[in-house]
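Following: one structure in structure tokens, then a few remarks.
Number of protein chains: 2
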Amino acid sequence: MAAASPSWRPLEGAAHQIAVEVLIHGPISRSEIARRLSMSPATLTRVTKPLLDAGLLFEATKEEGGARLGRPSQPLDVDPASRHFVGVKITSDAAHGVLTDLRANVQSQAVRPIADRAPDSVVATIAALTAELAAQVDRVTALGVSAGGVTEDNASLKWAAYMGWPDAVPLGPLLQERTGLPTVVENDVAAWTEAERWFGDGRDEPSFALVTTGMGVGFSLVTHGGRAASRDIGVGSLGHVPLDPLGPPCAQGHHGCAEAMLTSGAIEATVGIGLGRSVAYEEVLALAAEGQPVAVSTVAASARALGRLLALIANTTFVPLIIVSGEGIGLAVQQEALVRAEFAAGRHPMARDVRLLLKQAPFTEWARGAAVVAVQTYVLGR
Amino acid sequence: MAAASPSWRPLEGAAHQIAVEVLIHGPISRSEIARRLSMSPATLTRVTKPLLDAGLLFEATKEEGGARLGRPSQPLDVDPASRHFVGVKITSDAAHGVLTDLRANVQSQAVRPIADRAPDSVVATIAALTAELAAQVDRVTALGVSAGGVTEDNASLKWAAYMGWPDAVPLGPLLQERTGLPTVVENDVAAWTEAERWFGDGRDEPSFALVTTGMGVGFSLVTHGGRAASRDIGVGSLGHVPLDPLGPPCAQGHHGCAEAMLTSGAIEATVGIGLGRSVAYEEVLALAAEGQPVAVSTVAASARALGRLLALIANTTFVPLIIVSGEGIGLAVQQEALVRAEFAAGRHPMARDVRLLLKQAPFTEWARGAAVVAVQTYVLGR
DNA sequence: TTGATTTACTTTCTCACGAAAGTTAGTCGG
DNA sequence: CCGACTAACTTTCGTGAGAAAGTAAATCAA
């Protein structure tokens, strides 16, 4: 059994930077931290000493890197199990929760349906879900909640039209009172982006983009190590970018815009009209795999549209990496060749290579993003 | 007559940061610098003392801000005339040069035709142009050269196909030897971007985009205070973004791509075909103003395409400001309403407002960008 | 085995930063 | 005119950062 976990809260200055570096990149040697943070080796010795004494950091067992020159480095690490966090993602019909450790590794998950969308009722559902997950560990440090829409001050959710809510609902304070846990609220795409930035494939990239498809089209941008914190991230500003002049119209009448080409609802509708019956997204992919013509052509058009969208993003943002995921990632994975071909066609022949990462993540990844925001809030002390 | 100008070169740490802050934002008070750089007031008093003694900074006369509370601030400033720089922009047929002060204010300009495009001959032309401009002042501190194409290490120019040059030409070292001046080479769009970032409309914006039209379509992005330093900036990765499915084809056969819709050559060609005779860009604008149908429709299509391109950029980069300029800016200014309407149509109704700045700058602005890169190299000591 | 080499980490010392308190130069209200 | 107030700037002083030199722990070559 671990002793009472040391606290991050009073850390500041160099100690704080070093602890965060170890959390995100650990196990990592003092000298490597010194290089990354542009600190002197002396500072590392001095600052890590009390952190080791307090038990916040410990010296990990040496990796068998084998046959390197010089004195072997002594990697430092944190104990991820020292703290736990709960992340909850809300959709219009369910709350998806995960329990994670300090590195946002998912320990367990749970789902509760949202029958009544009244704010009070949703708060009660989230609180019950949190309690269920929290019961599995001694103590939970913080709660993160993510949802589509615009968030303000990491506290309230605005314009969540899909919930039929009023202008702004102070989810954070309401949940904080109900659960007794420090609670932060963040846009779902922003939260997922933070998960990639701290603990995911963006960990070693100062610049990358994240694109999600599924119910909607999500897009977020990280440059120079920081996320573009525009509230536009919550309004889906990329949703109506034109991608195919011959594509079907979206609800606003844009032909072949991103929403009309990429969202699961639009794909289901297009194939449904062609088949004369309603079909689910997974069935569309299955039909396409079998060679059903309507499904094949719809899926192909969608894949090409996605490739074009990714090329647009690469052309306008100069990022070396685009992470593509979301519930709709199945289509991109099935049609990866088409996506990549159209992407390449939209790029300048002399342009630098961009890494496309089609990432098949479970739906819990959304909730994990919420947990990461909770981790950040705790660790960064905001 | 000014005394021998104090040197920036040995500055480091806080002194350097403060001096740069005064250069870019001066006249500026100590307390304002302290806020901007997150330094203590004590540090400002201590560090500025020797800078004032050395004459690098001086206390400017108090601005009549009128009726502010508290002790009046004592703004600090630099003497921009203490140093001079030369910036040269190369095109396929001429070298355009400017002489500037430390703040990149243009003192005078000169042009020399490039008859022979052989590298040695071009170097000789630039050197002669530099000598002509440098003769007007005591001493020039550094030389900056900008051109289309990809630059490496601020020293050599690659893939400048329009010059018919081999793979890479070490312009920097060649000019440095010839002129005796420290010389830096930078892509023309990147250089202009630096001019906006340090001394232009991007001075107070941590994030903005720059779009230029003219011979080609230029695009560059600044986020979190730093320019995206991709070499893609030199290859025109935005040139073939599709903007109008019904537009004319470019050389690569893309219908309605940015180059086909926005470059002066493409516009001249489209109107030329319609009129059955060759026309110059300025004449196209004049004809459009008179109501000549072919010119009107071509110019309108181009303006709408530009609006769509700007919307795409806003949608994918989250910048609050897009600066639009270049030799082709005349069209955008003439058709500003169309550009703005199409831009608005391409934005999400709930998306944050983006400021479009249509900036009518003379061609010397390109050369000024080169001068800014020279200033930066000197001031930052690289 | 021994010494050269490389790299990681530690110790010592100095100096530059910021916190806190003090000073200055204005406006404002009586 | 005078004192209260405000905000910019300055002084004093303790602490925490880096420079430089030293030590440790490995590989490698003879």
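Top to bottom, those sequences are chains A and B.
Start counting the first sequence at 1; every next residue gets the next number (this note's numbering).
Start counting the second sequence at 383; every next residue gets the next number (this note's numbering).
Where a beta carbon is used, it is the ideal one built from N, C-alpha and C, also for glycine.
These numbers come from a predicted model, not from an experiment.
Closer than 6 Å by C-beta to V721/B: which residues in its own chain qualify, once you throw out the five before and the five after it? Chain order, please. A685, L688, G689 and A714
Residue nearest to V169/A in terms of C-alpha spacing, selected from F363/A, R117/A, L246/A and G55/A: R117/A
Within this structure, are the beta carbons of V98/A and V86/A separated by less than 9 Å? yes
Compute the Euclidean distance between the alpha carbons of A361/A and S7/A, then round it to the nearest angstrom. 32 Å
Return the first residue and the last residue of the alpha helix (DSSP H) that I313/A is part of. P293 to T317
Helix, strand or coil: how does DSSP classify G369/A here? helix
Nearest to A209/A by CA position, among T316/A, T298/A, P248/A and A160/A, is which residue? T316/A
Continuous beta strand (DSSP E) stretch holding I410/B: start and end: No beta strand (DSSP E) holds I410/B; DSSP gives it neither H nor E.
Using a Cβ cut-off of 9 Å (strictly closer), state whether M383/B contacts chain A. Residue confidence for M383/B is low, a pLDDT of 43 falling below 50, so the modelled location carries little weight; the figure read from the coordinates is stated next. Judged by the 9 Å Cβ criterion, M383/B is not in contact with chain A.
List the residues that DSSP assigns as beta-bridge partners of M358/A. Reading the sequence as shown, one finds Leu at residue 358/A and not Met. DSSP lists V324/A as partners of L358/A.
Does DSSP put R521/B in a helix, a strand or coil? coil
Roughly how many angstroms separate the alpha carbons of K49/A and G13/A, rounded to a whole number? 15 Å
In chain B, which residues lie with their C-beta within 7 Å of the C-beta of V241/A? Correct list: L694 and N697.
Residue closest to G265/A, alpha-carbon to alpha-carbon, out of G276/A, H255/A and C250/A: Out of G276/A, H255/A and C250/A, the CA that lies nearest to the CA of G265/A is found in C250/A.
Give the residues of chain B in contact with H348/A, contact being defined as C-beta atoms less than 8 Å apart. D614, V617, G618, S619, G621 and H622
Between P80/A and P27/A, how many whole angstroms is the CB-CB distance? I'm expecting something under 8 Å. Their Cβ separation, rounded to whole angstroms, is 11 Å, which puts P80/A and P27/A out of contact at 8 Å.
Could you say if the segment 599-616 of chain B and the segment 531-549 of chain B meet the contact criterion of at least three C-beta pairs nearer than 8 Å? yes
Using a Cβ-Cβ cutoff of less than 8 Å, which residues in the same chain neighbour A161/A once the five nearest sequence positions on both sides are dropped? G149
Contact list for A168/A against chain B, beta-carbon separation under 9 Å: Those do not exist, as A168/A stays about 14 Å from chain B at its closest Cβ, beyond 9 Å.
How is the alpha helix (DSSP H) around S503/B delimited, first residue to last? Its alpha helix (DSSP H) spans residues P501 to A516.
How should T427/B be labelled, buried or exposed, when 16 other C-beta atoms within 10 angstroms of its C-beta is the threshold for buried? exposed
Chain A contact for H606/B (CB, 9 Å cutoff): yes
Positions along the segment 714-740 of chain B whose CB lies within less than 9 Å of some CB in chain A: G728, R729, H730, P731, M732, A733 and R734
R690/B at chain A interface by Cβ criterion, 9 Å: yes
Going by alpha carbons, who is nearest to K471/B out of A733/B, R453/B, D520/B and L525/B? Closest option to K471/B, Cα to Cα, is L525/B.
For E186/A, write down the residues that DSSP places opposite it in a beta bridge. Residue pairing for E186/A: DSSP places it in a beta bridge opposite S146/A.
Use the C-beta contact count for P113/A: other C-beta atoms within 10 angstroms, 16 or more gives buried, fewer gives exposed. exposed
As a quick exercise: from S146/A, R227/A, G272/A and E186/A, pick the residue whose alpha carbon is nearest that of V319/A. Comparing alpha carbon positions, the residue from S146/A, R227/A, G272/A and E186/A closest to V319/A is R227/A.
V111/A, enclosing beta strand (DSSP E) - first and last residue: V111/A -> beta strand (DSSP E) spans V106 to P113.
Examine chain B for any beta-carbon lying closer than 9 Å to the beta-carbon of A155/A, and answer yes or no. no
Tell me, which residues are paired with V460/B by DSSP? L439/B
Is the segment 284-296 of chain A touching the segment 573-587 of chain B, taking contact as three or more C-beta pairs under 8 Å? Counting Cβ pairs under 8 Å, fewer than three are found: no touch.
Could you tell me whether the Cβ of T684/B comes closer than 9 Å to any Cβ of chain A? The sequence shown places Ser at residue 684/B, rather than the Thr named in the question. No, no contact with chain A.
Starting from L210/A, find everything on chain B with Cβ-Cβ shorter than 9 Å and list it in chain order. Near L210/A there are no residues of chain B at all, since even the closest Cβ is about 12 Å away, more than 9 Å.
Short of 6 Å in beta carbon distance, which residues of its chain neighbour L56/A, apart from the five on each side in sequence? Order them along the chain. P6
By DSSP, does A476/B sit in helix, in strand, or in coil? strand
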